[in-house]
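Residue numbers (the numbering used here), protein chains in the order written: chain A, 609 to 915; chain B, 609 to 915; chain C, 609 to 915.
From the three backbone atoms N, C-alpha and C, an ideal C-beta is built for every residue, glycine too.
A short worksheet on the structure shown next.
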Amino acid sequence: MKHLLTMNDLTISQIHKILDETNKFSKGMIWKPPHPIFVSNLFFEPSTRTKLSFEVAQRKLGFHVIPFEASTSSILKGESLYDTVKTLQSIGVQMVVIRHQEDRYFNQLKDMNLSIINGGDGCGHHPTQCLLDLFTIQQEFGTFEQLKVAMIGDISHSRVARSNVQTLHRLGAKVLFSGPPIWKDEELSSYGEYVSMDEAIETADVVMLLRIQFERHKEKLQMSKQEYHQSYGLTRERMRQMKDKSIIMHPAPVNRGVEIADELVECERSRIFKQIENGVFVRMAVLKNAIEEGKGYGITYKKREFA
Amino acid sequence: MKHLLTMNDLTISQIHKILDETNKFSKGMIWKPPHPIFVSNLFFEPSTRTKLSFEVAQRKLGFHVIPFEASTSSILKGESLYDTVKTLQSIGVQMVVIRHQEDRYFNQLKDMNLSIINGGDGCGHHPTQCLLDLFTIQQEFGTFEQLKVAMIGDISHSRVARSNVQTLHRLGAKVLFSGPPIWKDEELSSYGEYVSMDEAIETADVVMLLRIQFERHKEKLQMSKQEYHQSYGLTRERMRQMKDKSIIMHPAPVNRGVEIADELVECERSRIFKQIENGVFVRMAVLKNAIEEGKGYGITYKKREFA
Amino acid sequence: MKHLLTMNDLTISQIHKILDETNKFSKGMIWKPPHPIFVSNLFFEPSTRTKLSFEVAQRKLGFHVIPFEASTSSILKGESLYDTVKTLQSIGVQMVVIRHQEDRYFNQLKDMNLSIINGGDGCGHHPTQCLLDLFTIQQEFGTFEQLKVAMIGDISHSRVARSNVQTLHRLGAKVLFSGPPIWKDEELSSYGEYVSMDEAIETADVVMLLRIQFERHKEKLQMSKQEYHQSYGLTRERMRQMKDKSIIMHPAPVNRGVEIADELVECERSRIFKQIENGVFVRMAVLKNAIEEGKGYGITYKKREFA
């Protein structure tokens with residue numbers, strides 16, 4: 609794993625290895641790279657959680673973080689993503705975390721001699737979010753086999769959905785979908801079943817709410833926020849119909865009062881802030897793996913500089 | 609002192625303790641926290657001095673500083689300050705310094721499990737500015753008892769005035785006010801006396817000029833900058849009427865030629881850049897105190913992670 | 609060299625010393641300053657290469673980098689560059705790297721008690737770019753004597769041209785110019801000869817393409833990008849007419865398909881990304897020199913703080 613671009617890059621055994629390491633980091637494991645690592649986080653879309661989570665993880669591992677701000681970079685002078693990343697590589701950056709609005713932006717970065725970690729591409733993938741969701745589920749239930757995970761909301765524009773559905777399917781979980789028909793996703797339908805809100809809520813072990821990305825998707829949802837909440841949001845009434853041990857997840861930021869009632873965000877069933885906490889440990893594990901498996905690749909070719 | 613929100617949080621003996629520690633830091637004291645500290649500076653308003661001063665102080669103390677830019681955060685997706693700070697707490701940030709345009713923004717952050725240092729709230733408070741002003745005065749005069757401090761200018765919109773007036777009063781100093789009648793502050797009037805510019809200048813030990821915050825207050829001042837300078841600015845003529853040992857202070861940024869004549873900003877009586885220099889030492893003392901007195905609270909609950 | 613403002617600040621022997629040190633850094637030399645260094649990079653214009661290159665160099669030397677964002681600083685409240693830099697000095701920053709849109713902005717910073725490294729001023733100077741160009745040429749040819757360097761494109765608005773031409777002349781190289789007549793520079797003409805594109809391409813050892821700064825210069829170029837490329841760009845045909853061992857340079861960011869054909873940017877003759885790589889080592893050498901020769905000046909006067 610020199611890069612981590614989509615969950616499909618990882619075998620099931622690699623996924624389990626990362627989750628194991630995540631668990632160790634969550635219990636206080638200390639690990640430092642064998643030589644100085646220079647990393648830069650290129651976020652071309654707004655982010656708090658993912659960016660800061662990587663920033664904390666990198667510092668806990670002792671990396672040097674080179675600050676990059678898209679809004680003050682030569683991107684403003686028309687420089688391409690390719691030339692920007694190639695420049696970073698040239699100045700000695702060995703690893704980049706990228707969030708970019710373009711689906712599969714990383715296709716244009718194939719021949720780079722540094723490690724690329726995908727922090728979210730367009731409506732495509734978000735592998736570290738998927739891994740932290742998996743870790744949170746594993747922490748709760750110990751296994752994925754036969755678990756029922758209901759994804760509710762904007763399936764078609766969610767890179768969280770895309771990354772999670774196929775992986776959960778590979779790991780033996782059963783995926784249910786619910787939400788406005790306009791946001792159905794044909795491609796993902798083969799991995800799970802569309803059901804009514806009632807069925808989703810009553811049978812799922814994990815109720816995974818997806819963010820309504822007002823700022824992203826273009827089609828108009830023909831309902832108000834209040835109407836959405838009544839039809840597809842997790843209200844107090846719906847929460848009461850959940851199974852005894854089932855949990856609530858959401859990738860955040862939450863639209864309080866839309867996907868979920870305000871007062872449920874921090875309720876006992878909710879793992880929303882636990883997911884965020886786990887995100888740091890997952891990213892530590894991903895960064896460690898990228899370095900350990902990147903031998904002969906980007907990560908090591910600068911080694912002599914620091915001899 | 610797990611939080612420092614307003615000067616009223618501090619007893620007189622706590623204030624003296626911080627000023628003592630500030631003095632030690634200004635003389636070269638080295639202190640490092642007993643375990644790694646992750647801190648983030650959330651500035652929702654423009655700042656050079658306060659933000660950079662905290663950044664330097666934090667690095668001198670060996671903290672890990674997690675960069676936060678409001679303009680590229682999920683605040684843009686509508687995330688609230690509460691959810692943003694709760695997210696930072698979840699990823700392992702143990703302390704935040706916040707500047708925010710809303711008066712008493714910290715009321716909504718009551719139950720956070722991290723340490724909050726107020727870097728300025730709306731027209732409300734700015735405790736570390738107050739402490740650095742106090743330290744600069746103490747450095748000069750050794751005591752606050754019976755000192756006359758004249759505050760001149762925009763009293764009503766100044767969080768510097770608000771923080772300083774009550775504290776100086778508690779410490780035994782005598783506060784005078786002068787400036788345009790439109791900017792009188794009824795609430796603060798009980799702590800000091802409104803006098804003419806002549807009286808303020810001629811009797812004060814400390815002439816504390818307040819910034820005209822063109823970018824903040826809404827009421828129109830019915831005079832030009834030149835007229836303000838003639839009526840309420842520190843001109844060379846007025847400076848000559850000051851007492852022998854009295855000094856000039858200003859929280860900066862200075863509007864040169866408005867609150868004070870351009871050529872007086874760095875004159876012998878001026879402590880304006882000395883205040884900035886002292887700001888770093890005060891903030892080191894404040895951060896140290898927050899950690900030492902935060903036992904059992906935010907600062908320590910992550911300890912095992914770094915064991 | 610407490611400051612590095614223009615190449616004229618450096619004697620020929622100082623230039624050779626920096627190039628020697630650059631060479632050592634490029635071969636893995638480790639050097640750390642004798643006491644903690646606090647540095648800040650003030651970039652008032654977009655930049656990727658120069659800013660990040662300094663950021664990496666500073667971290668490799670173990671400096672503390674204090675983040676500064678013009679867009680969130682008190683510059684927004686009307687604070688001057690002078691007061692901003694004086695503020696940084698007051699909080700303990702011992703060195704600043706500045707890029708600013710104003711020609712010779714540093715004239716207003718004469719009496720500062722810190723070290724100023726010019727990262728580019730208006731259409732004026734860009735000394736570290738010049739030094740990295742020199743190093744790249746020296747790496748290739750071993751000497752500057754009798755080398756022919758052709759500068760092609762927007763001569764009059766290029767701070768790269770300005771910094772390079774006079775220095776190359778001092779070092780014994782021969783400079784040729786080519787490009788649109790509207791961008792001739794009378795002042796620089798005394799250091800080199802204007803020739804046709806054919807002559808420039810066919811006789812030069814170094815073909816140095818200058819960026820067309822669409823975002824900077826005001827006069828309209830009376831041709832399309834395609835027409836510019838045909839008339840003054842490095843096409844595949846022109847590249848074939850270059851001498852056997854001659855090389856291509858460009859300060860970047862490149863307008864692909866304008867100054868140079870897209871497919872030539874990374875061709876065998878191109879040193880474009882090599883220049884960027886060398887930039888880090890040159891900046892390490894420049895920073896080291898500023899500290900070592902800054903004795904008694906800014907760099908050392910804060911020493912006691914860290915005793």
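1. What are the start and end residues of the alpha helix (DSSP H) that includes B:E801?
2. Shorter than 6 Å, the distance from the beta carbon of A:E835 to the closest heavy atom of the ligand SAM, or not?
3. So, do the segment 739-754 of chain B and the segment 695-702 of chain B have three or more beta carbon pairs nearer to each other than 8 Å?
4. Compare the C-beta of B:I674 with all C-beta atoms of chain C and state if any pair is closer than 7 Å.
5. Buried or exposed: B:K851, going by 16 or more other Cβ atoms within 10 Å of its Cβ?
6. Inspect the CB distances between the segment 658-670 of chain B and the segment 615-635 of chain C and report whether three or more fall short of 8 Å.
7. Using the beta-carbon of each residue, which ones in chain B are nearer than 9 Å to A:L660?
8. If you compare alpha carbons, which of B:R770, B:S679, B:D762, B:Y799 is closest to B:S786?
9. Report yes if the CB atom of B:N715 is closer than 7 Å to the CB atom of B:C738, and no otherwise.
10. Excluding the five sequence neighbours on either side, which residues of its own chain have a C-beta within less than 6 Å of the C-beta of A:G670, listed in chain order?
11. Going by the CB atoms, is the gap between B:S682 and A:T931 shorter than 7 Å?
12. Given that a residue counts as buried once 16 or more other Cβ atoms are within 10 Å of its Cβ, and exposed if not, what is A:Q774?
13. Determine whether the beta carbon atoms of B:I820 and B:V866 lie at a separation below 7 Å.
14. Against chain A, does C:F881 count as a neighbour if the rule is that its beta carbon must be under 7 Å from one of theirs?
15. Between the segment 789-801 of chain B and the segment 835-854 of chain B, do three or more beta carbon pairs fall short of 8 Å?
16. Taking CB distances under 7 Å as the criterion, tell me whether A:E753 reaches chain B.
17. Strictly below 9 Å CB to CB, what residues from chain A border B:D711?
18. Can you pull the chain B neighbours of A:E663, defined as C-beta to C-beta under 7 Å?
19. I need the straight-line Cα distance from A:Q746 to B:L717, nearest angstrom please.
20. Can you tell me whether C:D793 is helix, strand or coil according to DSSP?
21. Any idea which residues DSSP pairs C:E783 with across the strands?
22. Rounded to a whole number of angstroms, what is the C-alpha to C-alpha distance between A:V894 and A:V647?
23. Identify each residue in the segment 787-818 of chain B for which the Cβ-Cβ distance to at least one residue of chain C is less than 9 Å, and report them in chain order.
24. What number of angstroms, rounded off, separates the C-alpha of A:Q754 from the C-alpha of A:L660?
25. Go through its chain and collect everything with a Cβ distance to B:S587's Cβ below 6 Å, but skip five positions before and after it.
26. Three-state secondary structure (DSSP) at B:M720?
27. Got a sec, what are the start and stop residues for the alpha helix (DSSP H) B:L776 sits in?
28. Measure how close the beta-carbons of A:G727 and A:R707 come, nearest whole angstrom, since I'm counting them as under 8 Å.
29. Between C:L842 and chain A, is the shortest Cβ-Cβ distance under 7 Å, so that the two count as touching?
30. Buried or exposed for C:N649, please, with buried defined as at least 16 other CB atoms from any protein chain shown within 10 angstroms of its CB.
31. For A:I907, which three-state DSSP category applies?
32. Please confirm whether C:I884 has its beta-carbon closer than 7 Å to some beta-carbon of chain A.
33. Would you verify that the beta carbon of C:Y909 is, or is not, closer than 7 Å to some beta carbon of chain A?
34. Would B:R767 be called buried (16 or more neighbouring beta carbons within 10 Å of its own) or exposed?
35. Check the Cβ of B:G887 against every Cβ in chain C and list those closer than 9 Å, keeping chain order.
In brief:
1. Premise fails: B:E801 lies in the beta strand (DSSP E), 800-802, not in any alpha helix (DSSP H).
2. The model depicted lacks the ligand SAM and carries no ligand whatsoever.
3. Taking one beta carbon from each stretch, the segment 739-754 of chain B and the segment 695-702 of chain B have fewer than 3 pairs nearer than 8 Å; the two do not touch.
4. Taking CB atoms only, B:I674 has no neighbour in chain C less than 7 Å away.
5. Exposed, by the Cβ-count rule.
6. The segment 658-670 of chain B, when compared against the segment 615-635 of chain C, does not touch it at the 8 Å Cβ threshold.
7. Neighbourhood of A:L660 in chain B, by CB distance below 9 Å: S648, I674, P675, F676, S681, T695, L696, I699, V701, in chain order.
8. Among B:R770, B:S679, B:D762, B:Y799, the Cα nearest to that of B:S786 is on B:D762.
9. Not a contact, by the Cβ cut-off of 7 Å.
10. For A:G670, the CB contacts under 6 Å within the same chain, skipping 5 residues up- and downstream, are K640 in chain order.
11. The structure shown does not extend to residue 931 of chain A, since chain A is modelled only from 609 to 915, so the question has no answer here.
12. Taking all protein chains shown into account, A:Q774 has 16 or more neighbouring C-beta atoms within 10 Å of its C-beta and is therefore buried.
13. Taking 7 Å as the Cβ cut-off, B:I820 and B:V866 qualify as a contacting pair.
14. Yes, C:F881 counts as interfacial toward chain A.
15. No, because fewer than three Cβ pairs between the segment 789-801 of chain B and the segment 835-854 of chain B fall closer than 8 Å, the two stretches do not touch.
16. Proximity of A:E753 to chain B, defined by a Cβ-Cβ separation below 7 Å, is not satisfied.
17. Taking a Cβ-Cβ threshold of 9 Å, none of the residues of chain A is close to B:D711; the smallest such distance is about 23 Å.
18. By Cβ distance, chain B contributes I674, P675.
19. Straight-line measurement puts the Cα of B:L717 at about 31 Å from the Cα of A:Q746.
20. In the three-state scheme derived from DSSP, where H, G and I count as helix and E and B as strand, C:D793 is classed as coil.
21. First, the amino acid is wrong: residue 783 of chain C is Val here, not Glu. For C:V783, which the question treats as bridged, DSSP gives the partners C:V757, C:G800.
22. For the pair A:V894 and A:V647, the Cα-to-Cα distance works out to about 13 Å.
23. Listed in sequence order: no entries.
24. A:Q754 and A:L660: Cα-Cα distance of roughly 34 Å.
25. Since the first residue shown for chain B is 609 and the last is 915, residue 587 of chain B is missing from the structure and cannot be characterised.
26. Coil, per DSSP.
27. Element bounds for B:L776: 767-778.
28. Confirmed, about 4 Å.
29. C:L842 does not count as touching chain A.
30. Of the residues assessed, C:N649 falls on the buried side of the cut-off, its CB having 16 or more other CB atoms within 10 angstroms.
31. Low confidence applies here, because A:I907 scores a pLDDT of 40, under 50, leaving its location unreliable; read the following figure in that light. Under the three-state reduction of DSSP output, A:I907 falls in the helix class.
32. For C:I884, the answer is yes, since a Cβ of chain A falls inside 7 Å of its Cβ.
33. Model confidence at C:Y909 stands at a pLDDT of 37, short of 50, so the residue's coordinates are unreliable; what they give is reported in the following sentence. It does not: the Cβ of C:Y909 has no partner Cβ on chain A nearer than 7 Å.
34. So B:R767 counts as buried.
35. The answer, in chain order, is S698, I699.
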